[in-house]
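A.B. asks: I'd like to ask some things about the structure below.
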Ligand code: TMP
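Numbering (UniProt numbering), first residue to last: 1 to 205.
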């Protein structure tokens, strides 16, 4: 079986952590070789950039922020993602380039064409085989974030920022429905879990 590259994305507060556990259990139950990783991060360089990117004290312009996301991604692809896929190990990444289109593009206003240029340069032909997009209404995201004690640089953004981020995610998913599974995450955990499991089963059938 060809190794798959699967990404999980969505606005902050969409329930990624809970549902990553669901995905982990699904792979474990089937004894499929899999590597879980995250962005920004996944390598020493990526994790160092993550510290800078999420630190509320960081003052970075929108292009600097975008370049740091892609710098972390570049190292991640070279050192972690491609080597695993080449060995036949499936890769599940907690966020990937959809987050750049949504946060830096939709949220901050970086032109989509500029992000596409970086995407092509850094990734070559690498694109996720499947992106699970967890979607919640803004109020749900905001009330979940309100419970977070120490908010990072992105979590501190205002509601209109997250409205744009969410719209960007949904627009991207609508434009390429074969690649995305948009999952309404504003439901009982068991229902969300069942949808994720069905999505994975469909993808691996
Ligand atoms: P998280 O791992 O807790 O989701 O935090 C990562 C944060 O970084 C999240 O707020 C989204 C943001 N982010 C971007 O703005 N652009 C990106 O390309 C990625 C990967 C993440």
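Where is the CB? At the ideal position from N, CA and C, for every residue including glycine.
Keep in mind the model is a prediction, meaning the values are calculated, not measured.
#1: Hey, is the stretch 98 to 114 in contact with the stretch 75 to 83, meaning 3+ C-beta pairs nearer than 8 angstroms?
#2: Tell me whether residue 104 counts as near the ligand TMP, meaning its Cβ is closer than 8 angstroms to at least one heavy atom of that ligand.
#3: In whole angstroms, what is the alpha-carbon distance linking residue 8 and residue 94?
#4: State the CB to CB distance for the pair residue 200 and residue 26, rounded to an integer number of angstroms; the pair is presumed to be in contact (CB under 8 angstroms).
#5: Which whole-angstrom value describes the C-beta separation of residue 196 and residue 132, a residue pair presumed to lie in contact below a C-beta threshold of 8 angstroms?
#6: Is the beta carbon of residue 3 less than 9 angstroms from the beta carbon of residue 86?
#7: Should residue 43 be labelled buried (16 or more other beta-carbon atoms within 10 Å of its own) or exposed?
#8: Which stretch, first to last residue, makes up the alpha helix (DSSP H) that contains residue 204?
#9: Secondary structure at residue 38, three-state DSSP: helix, strand or coil?
#10: Consult DSSP for residue 206 and reduce its assignment to one of helix, strand or coil.
C.D. replies: The answer reads as follows:
#1: No, the stretch 98 to 114 does not touch the stretch 75 to 83.
#2: By 1-based counting over the chain shown, the position of residue 104 is 104. Residue 104: yes, Cβ under 8 angstroms from the ligand TMP.
#3: Sequence index remark: in the chain shown, residue 8 carries index 8 (1-based). Sequence index remark: in the chain shown, residue 94 carries index 94 (1-based). Answer to the nearest angstrom: the Cα atoms are 5 angstroms apart.
#4: Residue numbering aside, residue 200 sits at position 200 when the chain shown is read from its first letter. Residue numbering aside, residue 26 sits at position 26 when the chain shown is read from its first letter. Yes, residue 200 and residue 26 are in contact; Cβ-Cβ is about 5 angstroms, under 8 angstroms.
#5: In the chain shown, the residue the question calls residue 196 occupies position 196. In the chain shown, the residue the question calls residue 132 occupies position 132. That pair is a contact at about 6 angstroms.
#6: Here residue 3 corresponds to residue number 3 of the chain shown, with the count starting at 1. Here residue 86 corresponds to residue number 86 of the chain shown, with the count starting at 1. Cβ atoms of residue 3 and residue 86: closer than 9 angstroms.
#7: Numbered from its first residue, the chain shown carries residue 43 at position 43. With 16 or more Cβ atoms within 10 Å of its Cβ, residue 43 is classed as buried.
#8: Numbered from 1 along the chain shown, position 204 holds the residue referred to as residue 204. Counting along the chain, residue 204 sits inside the alpha helix (DSSP H) bounded by residues 189 to 204.
#9: Sequence index remark: in the chain shown, residue 38 carries index 38 (1-based). Note: residue 38 maps to strand in three-state DSSP.
#10: In the structure displayed, the chain extends from 1 to 205; residue 206 sits before or after that span and is not available.
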